[in-house]
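Peer 1:
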Amino acid sequence: MSLYARRRSSSKSQPERQSIYQEFRDFEFNENLNITYDNHTNEQPSQSIKYVEHKKYKINRYYMTKFMTVVFLVGMQIGFIIHTMGILIDVFMQKFGLDTSYKNYYASMFGFMDMIGAALGSLAAGKLMTMGRKTSLQIGTFVGVIGTLFFQFTMIQALYFGKFLNGFGVGVYAVTILRYIDETIPYHLFDLLSPLLMVGISFARLTTFIFYAILNPDNLNEQMVEEHYMRSEAWRIIVAFPLMLYIVIALGVHFGIEHDTPKFAIINAKYNQGRRTVKDIYHHTEDPDQVISFLKKHQNKYPDKATLRQNFGSKEHQQTTIILSLIMMFHQLSGIYVVHLYQGRIHRHLYSTHESQLSAFQALILLGIFGFCSCVYTVYFMRKYPKNIQIVTGHIIMAIIHAILAMGSANQSDEVVVIFLLVFVIFYSIFNYAVVWTYVAEVSNNMQLAFAFFIYWLFYGLVGALNPSFTRYIEPQGVFMVHFLIQILALIFAVLKLKSTYGMFDYQKKTVLQSQPDEKGKNQLSVKDINEADTKLKKKISLGPVSF
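In the working numbering, the protein residues as written are 1451 to 1998.
1. Just the Cα atoms here: how many angstroms apart are Q1793 and D1864?
2. State the DSSP-derived secondary structure class of L1975, mapped to helix, strand or coil.
3. Looking at the unbroken alpha helix (DSSP H) that takes in S1586, where does it start and where does it end?
4. With S1784 and N1882 assumed to form a contact (beta carbons below 8 angstroms), what rounded beta-carbon distance in angstroms separates them?
5. Where DSSP assigns a beta bridge to I1509, which residues make up the other side?
6. In angstroms with no decimal places, state the Cα-to-Cα distance between S1809 and A1900.
7. Leaving aside the five residues before and after F1870 along the sequence, list all residues of the same chain whose C-beta is less than 7 angstroms from its C-beta, in chain order.
8. Please determine, among F1522, I1707, M1605, the residue with the shortest C-alpha to C-alpha distance to V1649.
9. Locate the alpha helix (DSSP H) running through F1603, then write down its first and last residues.
10. Taking K1947 as the reference, which of L1776, I1847, G1617 has the closest Cα?
11. Look up F1881 in the DSSP assignment and say whether it is helix, strand or coil.
12. What residue does the alpha helix (DSSP H) around Q1782 start on, and which one ends it?
13. Using a 10 Å radius around the Cβ and a threshold of 16 neighbouring Cβ atoms, would you call V1433 buried or exposed?
14. Closer than 6 angstroms by C-beta to K1729: which residues in its own chain qualify, once you throw out the five before and the five after it? Chain order, please.
15. Smallest Cα separation from Q1898: which of L1939, L1816, H1781, S1572?
16. On the three-state DSSP scale, how would you describe I1864?
17. Taking C-alpha atoms, which residue in G1724, A1608, G1619 lies nearest to Y1578?
18. Between the C-alpha atoms of H1490 and V1593, what's the straight-line distance to the nearest angstrom?
19. As a quick exercise: from Y1630, T1951, Q1607, L1646, pick the residue whose alpha carbon is nearest that of G1525.
20. Measure the C-alpha to C-alpha separation of E1633 and F1714 and round it to an integer number of angstroms.
21. Could you say which of V1885, Q1588, T1580, S1764 lies nearest to M1832 if we only look at CA atoms?
22. Are the beta-carbon atoms of G1567 and F1903 separated by less than 8 angstroms?
23. With distances taken Cα to Cα, identify the nearest neighbour of M1559 among Y1610, T1951, F1762.
24. Looking only at its own chain, which residues have a Cβ that is under 6 angstroms from the Cβ of K1746, when we skip the five neighbours before and after it?
25. For the ligand ADP, is there any heavy atom lying closer than 7 angstroms to the beta carbon of I1851?
26. Does the distance from the C-beta atom of V1929 to that of F1943 stay below 8 angstroms?
27. State the DSSP-derived secondary structure class of G1785, mapped to helix, strand or coil.
28. Kindly indicate the opening and closing residues of the alpha helix (DSSP H) around M1931.
29. Could you compute how far the alpha carbon of F1780 sits from the alpha carbon of N1718?
30. Nearest-angstrom Cα distance between G1971 and S1950?
31. From L1935 to F1820, what distance separates their C-alpha atoms?
32. Exposed or buried, which one is N1861 when buried takes at least 16 other CB atoms within 10 Å?
33. Excluding the five sequence neighbours on either side, which residues of its own chain have a C-beta within less than 7 angstroms of the C-beta of H1422, listed in chain order?
34. Looking at the structure shown, is Y1471 part of a helix, part of a strand, or coil, going by DSSP?
35. Consult DSSP for F1811 and reduce its assignment to one of helix, strand or coil.
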């Protein structure tokens, strides 16, 4: 019977309408899959399906190199902006004649403007990406450029506004580039190439440490430091450096990436655009139509549809949204900020007492080098082990190290503390940093990803604002013990709630954290689903009778 004839029946019960809906879904899928079958026997060519499922398509290495270069530069921009302001606080205090007794206040305000901007930018990115992933990146670039230009004005208000706009651009960048990676890199290369974003951020952090050493010479006394800052205009170069990166990124996005993601094109039924993108990404010997068929079958078909309200109000999405928010909260409370803060303090003490040949800035650079190299090594573990296992392992190791640091601080064993501060950075970079960002990106829809990073940036600002006061009123061993307890809670949460995505396709990853339906409602379509199907059927049927 034709689909048209069956639809003409006006008095259909809900089970019958559900059957029609499922038949329509099958038709809608197979009309672009180049697979035909007899409707009466409902037998599909299993060999063709198996071929599509298991084939690993060859990529165009030249295009993928261009794409990953842009990803690395975006990572550098994110890392440079969020780590730069800390090294310029002393400079601005002298330039603007600010009261040095309020240094922590001004440092908190600069960081606060950054993080509020990033949090709001992340939420905005969830909506901007519906206009196109490429468009979202371009908007983030434009806002960031405007923010960078405000740094050239020697007014404290201009700096605040510039930091807010720069933060907004970072928020848009972080969410959009993760979705770009998720929807562009072939699934069998995802774990190999996706950590490059975090490698870029780590490299930028190392670069800021080098700038820190340049701007803060160790051998200058207090009076010489003040004169040095008043004479030097090197800070303008540092704040202008992101402007150069923005320009390079804009050119790379326009001329290097060129197109939106293939999955975005498929989601919005822009198949001609999708074919052009697929031809660029994949090897010329691959059939674009077959690749599109593969992507259409194995991707999440509605990543842009769920709003923030639906993600919290719908039982289908609510659990995933809450889990991802808690993942990012625990990620930010890992203690890495305290490690960097205490590392500078202890090395300044050791250097002043001639117990160490390393100055605080040299030690900071060493820490950055180890963090960068460890982030590169993450690729090995991400390709071999499920991400949830890596996250659990990371929380176990970080909890143990925090306990050792607490005991070392209590016993004033500076050598033990220095060694394990370095060890912490290594294991944090391998088992937590890139792994968490990648895991969150691959299991979330757009607004879930945006809200998770909204939480991340809020806690980033909160930790940065509270930690200096926190460490002043509580002894270091107390601070490390607090983070030890946080890691225990994070470990319990990860064991109970995180699930493996190892070997899964996109549509499986996007639903892996969702609450499972009860047996009564399992595989049942809601009235809303069926009504939406009726609307789709009317549009299809208006084009004429369709038969199998």
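C-beta: ideal position from N, C-alpha, C; glycine also. Remember, it's a predicted structure, so these values are computed and weren't measured experimentally.
Peer 2: Quick look at the numbers:
1. Residue 1793 sits at position 343 when you count from the first residue of the sequence shown. Residue 1864 sits at position 414 when you count from the first residue of the sequence shown. Taking the straight line joining both Cα atoms gives about 10 angstroms.
2. One-based indexing of the sequence shown puts residue 1975 at position 525. Low per-residue confidence applies at L1975: pLDDT is 42, beneath 50, and the placement is therefore not dependable enough to give any value.
3. Within the sequence shown, numbered from 1, the residue matching residue 1586 stands at position 136. Taken as a continuous stretch (DSSP letters only), the alpha helix (DSSP H) holding S1586 covers 1583 to 1600.
4. Working through the sequence shown from its first residue, we reach residue 1784 at position 334. Working through the sequence shown from its first residue, we reach residue 1882 at position 432. The pair is a contact, with the Cβ atoms about 6 angstroms apart (cut-off 8 angstroms).
5. Looking up residue 1509 in the sequence shown gives position 59. DSSP lists Y1732 as partners of I1509.
6. Here residue 1809 corresponds to residue number 359 of the sequence shown, with the count starting at 1. Here residue 1900 corresponds to residue number 450 of the sequence shown, with the count starting at 1. When rounded, the distance between both Cα atoms is 40 angstroms.
7. Position 420 of the sequence shown, counted from the first residue, corresponds to residue 1870. Answer for F1870: I1851, I1854, L1855, G1858, listed in chain order.
8. As a first step, residue 1649 is located in the sequence shown; it is residue number 199 there, counting from the start. If we check each option's Cα against that of V1649, F1522 comes out closest.
9. As a working note, residue 1603 is residue 153 in the sequence shown. Here F1603 belongs to no alpha helix (DSSP H), and DSSP marks it neither H nor E.
10. Walking along the sequence shown from the start, residue 1947 turns up at place 497. The option with the nearest alpha carbon to K1947 is L1776.
11. What you label residue 1881 is simply residue 431 of the sequence shown in a count that begins at 1. Correct three-state label for F1881: helix.
12. Translated into positions along the sequence shown, residue 1782 becomes position 332. Start and end: 1765 to 1782.
13. Nothing in the structure corresponds to residue 1433, since the chain is present only between 1451 and 1998.
14. Residue numbering aside, residue 1729 sits at position 279 when the sequence shown is read from its first letter. These residues qualify, in order along the chain: P1738.
15. If you number the sequence shown from 1, residue 1898 lands on position 448. Among L1939, L1816, H1781, S1572, the Cα nearest to that of Q1898 belongs to S1572.
16. The residue given as residue 1864 occupies position 414 in the sequence shown. Note that residue 1864 is Asp in the sequence shown here, rather than Ile. Three-state result, D1864: helix.
17. Along the sequence shown, read from residue 1 onward, the residue named residue 1578 stands at position 128. The identity of residue 1578 in the sequence shown is Leu, whereas the question assumes Tyr. For the residues G1724, A1608, G1619, the minimum Cα distance to L1578 belongs to G1619.
18. Taking the sequence shown and counting its residues from 1, one reaches residue 1490 at position 40. Taking the sequence shown and counting its residues from 1, one reaches residue 1593 at position 143. Residue placement at H1490 cannot be trusted, given a pLDDT of 35 that sits under 50; what the coordinates show is reported in the next sentence. Computed Cα separation, rounded: 57 angstroms.
19. For this step, residue 1525 is matched to residue 75 along the sequence shown. Ranking the options by Cα distance to G1525, first place goes to L1646.
20. For the purposes of this step, residue 1633 is identified with residue 183 of the sequence shown, where counting begins at 1. For the purposes of this step, residue 1714 is identified with residue 264 of the sequence shown, where counting begins at 1. Cα-Cα distance, rounded: 8 angstroms.
21. Reading the sequence shown from its first residue, position 382 is the one you call residue 1832. It is V1885.
22. Numbered from its first residue, the sequence shown carries residue 1567 at position 117. Numbered from its first residue, the sequence shown carries residue 1903 at position 453. No.
23. Working through the sequence shown from its first residue, we reach residue 1559 at position 109. The residue with the shortest Cα to Cα distance from M1559 is Y1610.
24. What you label residue 1746 is simply residue 296 of the sequence shown in a count that begins at 1. Once the five neighbours on either side are set aside, the close Cβ partners of K1746 are I1716.
25. The ligand content of the structure shown is nil, which means the ligand ADP is not present either.
26. Locating residue 1929 in the sequence shown gives position 479, where the first residue counts as 1. Locating residue 1943 in the sequence shown gives position 493, where the first residue counts as 1. Contact flag unset, no.
27. Within the sequence shown, the letter at position 335 stands for residue 1785. Of the three classes helix, strand and coil, the one that applies to G1785 here is coil, per DSSP.
28. Numbered from 1 along the sequence shown, position 481 holds the residue referred to as residue 1931. 1926 to 1947 is the extent of the alpha helix (DSSP H) around M1931.
29. Locating residue 1780 in the sequence shown gives position 330, where the first residue counts as 1. Locating residue 1718 in the sequence shown gives position 268, where the first residue counts as 1. The alpha-carbon atoms of F1780 and N1718 are separated by roughly 35 angstroms.
30. Taking the first residue of the sequence shown as position 1, residue 1971 is located at position 521. Taking the first residue of the sequence shown as position 1, residue 1950 is located at position 500. Per-residue confidence for G1971 stands at a pLDDT of 41, beneath the threshold of 50, marking its modelled position as unreliable; no derived number is given.
31. In the sequence shown, the residue the question calls residue 1935 occupies position 485. In the sequence shown, the residue the question calls residue 1820 occupies position 370. Roughly 26 angstroms separates the two Cα atoms.
32. The residue labelled residue 1861 in the question sits at position 411 within the sequence shown. When all chains shown are included, N1861 counts as exposed.
33. The structure shown does not extend to residue 1422, since the chain is modelled only from 1451 through 1998, so no value can be given for it.
34. Looking up residue 1471 in the sequence shown gives position 21. Its pLDDT being 42, under 50, Y1471 is placed unreliably in this model, and the coordinates cannot settle the point.
35. Within the sequence shown, residue 1811 is the residue found at index 361, counting from 1. Residue state, collapsed to three classes: helix.
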